[in-house]
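Enquirer:
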Amino acid sequence: MHWIDRIGRHLKLRDLHILLSVAQQGSMARAAAELAISQPAVSKAIADMERAIGLRLLERSRSGIEPTAYGQALIRRGLVIFDELKQSVAELEFLADPTAGDLRIGSTEGIAAGLLPAIIERFSREYPRVHLDVAQAVISTLHYRELRERSIDLFIGRIPLNFAEHDLQADVVYDDQVVVVAARQSKWARVRRLKLADLSREPWILPPTGTLAGSIAAELFRASGVAMPRAPVTTLSIHLYCRLAASGRFVSLLPISVLHFGGHDRLLKMLPIKLHRQPRPVGIVTLKNRTLSPVAKQFVDCVHLVAKSAGKRTDS
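Here the working numbering is used: the first residue of the sequence shown is 1121, the next is one more, and so on.
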């Protein structure tokens, strides 16, 4: 009998589920309690798997039970298996009722403050029984962690121009340019011709250095031949950007989608400053080895429809 046939006959989903629980809990006793089965049943399931595969999957350490290199490989693939099973159940539910389901979305704050509400408003009208769970995702050294851990189904937000994540795929939907904004009652809102250098002595709100947004802001000033201005406030909070800029004391950079879709154009005005145009792609990021549910595909289609409107506003 071939090795793959032996695995197919003897490796059970129940035993794989037990292995995942033991690895997560770090203890057979805790895994047994979580799964509401006896500890001998857990031990037998692990032993049966090791016997079928012919490799040791777990080993004891000072901190508890840890997977071996073989166990880690099986766990990694096992997570994919159970995730695909979950997606298949979701697809069956969608086929039974195409108007219902669940979707977990990760979004950066900039998108959540502007474009995403417009997407959700349109999507929820068409699919009122779909539950959307939106989590704020931060692009940092732990790039797309939520996607890789499968705690979200897709990520929507600004992505690097050269997207180079080998296990992820990015679907670029539009380009979100940055504009200079000030309060509508500000003296700058009444000026018809402005250059970035004219605001060099003004107090700015800018993103922190060392962030993707910060590097883009620095490049915009550099391309305009203007030194980085004094920034009494540095933040990634779009809420703070808009509230402080609307006070009339500060000027700021803001994605144009936030200005238009977030409703902030009632209090803020885009100043007539021509900035060096830079690609600022906004995209949908998903796992390459994961099948999107029908609900997720419907949501992606909705993103593209709303993004067309965003692109028209950006160009206008």
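Glycine included, every Cβ here is placed at the ideal spot set by N, Cα and C.
#1: Just confirm the distance between the C-beta atoms of residue 1139 and residue 1169, as a whole number of angstroms; I'd bet it's less than 8 Å.
#2: For residue 1319, I'd like the list of residues in its chain whose CB is within less than 6 Å of its CB, leaving aside the five on either flank, ordered along the chain.
#3: On a Cα-Cα basis, can you pick out the residue from 1229, 1298 and 1192 that is closest to residue 1341?
#4: Could you tell me if residue 1345 is buried or exposed, where buried requires 16 or more neighbouring beta carbons within 10 angstroms of its beta carbon?
#5: Residue 1211 to residue 1143, Cα distance in whole Å?
#6: Measuring only the C-alpha atoms, how far is residue 1420 from residue 1171?
#7: Could you compute how far the alpha carbon of residue 1261 sits from the alpha carbon of residue 1254?
#8: Candidates 1234, 1395 and 1209: which alpha carbon is nearest residue 1429's?
#9: Where are the beta strand (DSSP E) runs, 3 residues long or more, that stay fully inside the stretch 1261-1298, in chain order?
#10: Residues in its own chain within less than 6 Å of residue 1328 by CB, not counting five upstream and five downstream?
#11: By alpha-carbon positions, which one of 1181, 1368, 1177 and 1148 ends up nearest to residue 1301?
#12: Taking only heavy atoms of the ligand ATP into account, decide whether any of them is closer than 7 Å to the Cβ of residue 1134.
#13: Starting from residue 1256, trace the beta strand (DSSP E) both ways and give me its first and last residue.
#14: Sorted by chain position, which residues of the same chain lie with C-beta nearer than 7 Å to residue 1176's C-beta, five sequence neighbours on each side aside?
#15: Using a Cβ-Cβ cutoff of less than 6 Å, which residues in the same chain neighbour residue 1395 once the five nearest sequence positions on both sides are dropped?
#16: Less than 8 Å between the beta carbons of residue 1288 and residue 1199, yes or no?
Expert: Concretely, from the data shown:
#1: Within the sequence shown, numbered from 1, the residue matching residue 1139 stands at position 19. Within the sequence shown, numbered from 1, the residue matching residue 1169 stands at position 49. Rounded to whole angstroms, the Cβ separation of residue 1139 and residue 1169 is 6 Å, and the two are in contact under 8 Å.
#2: The residue you call residue 1319 lines up with position 199 of the sequence shown. The answer, listed in chain order, is 1371.
#3: Along the sequence shown, one-based indexing puts residue 1341 at 221. Among 1229, 1298 and 1192, the Cα nearest to that of residue 1341 is on 1298.
#4: Along the sequence shown, read from residue 1 onward, the residue named residue 1345 stands at position 225. With fewer than 16 other Cβ atoms within 10 Å, it is exposed.
#5: Here the question's residue 1211 lines up with position 91 in the sequence shown. Here the question's residue 1143 lines up with position 23 in the sequence shown. Put simply, the backbone Cα of residue 1211 is about 29 Å away from that of residue 1143.
#6: Within the sequence shown, residue 1420 is the residue found at index 300, counting from 1. Within the sequence shown, residue 1171 is the residue found at index 51, counting from 1. The alpha-carbon separation between residue 1420 and residue 1171 amounts to approximately 44 Å.
#7: Indexing the sequence shown from 1 puts residue 1261 at position 141. Indexing the sequence shown from 1 puts residue 1254 at position 134. At residue 1261 the pLDDT is 45, less than 50, meaning the model places this residue with poor confidence; the figure from the coordinates comes in the next sentence. Approximately 21 Å between the Cα atoms of the pair.
#8: Locating residue 1429 in the sequence shown gives position 309, counting from the first residue. When only C-alpha atoms are compared, the closest one is 1234.
#9: Runs of the beta strand (DSSP E) inside the stretch 1261-1298: 1274-1278 and 1288-1295.
#10: Walking along the sequence shown from the start, residue 1328 turns up at place 208. The residues are 1334 and 1354.
#11: In the sequence shown, the residue the question calls residue 1301 occupies position 181. Measuring from the Cα of residue 1301, the nearest candidate turns out to be 1368.
#12: The model on display carries no ligand, and the ligand ATP is accordingly not part of it.
#13: Against the sequence shown, residue 1256 aligns to sequence position 136. Where residue 1256 is concerned, the enclosing beta strand (DSSP E) stretches over 1249-1256.
#14: Along the sequence shown, read from residue 1 onward, the residue named residue 1176 stands at position 56. In its chain, beyond the 5 residues on either side, 1170, 1188 and 1190 have a beta carbon closer than 7 Å to the beta carbon of residue 1176.
#15: On the sequence shown, residue 1395 is found 275 positions in, with the first residue counted as 1. Result list for residue 1395: 1340, in chain order.
#16: Locating residue 1288 in the sequence shown gives position 168, counting from the first residue. Locating residue 1199 in the sequence shown gives position 79, counting from the first residue. In this structure, residue 1288 lies away from residue 1199, with their beta-carbon atoms at least 8 Å apart.
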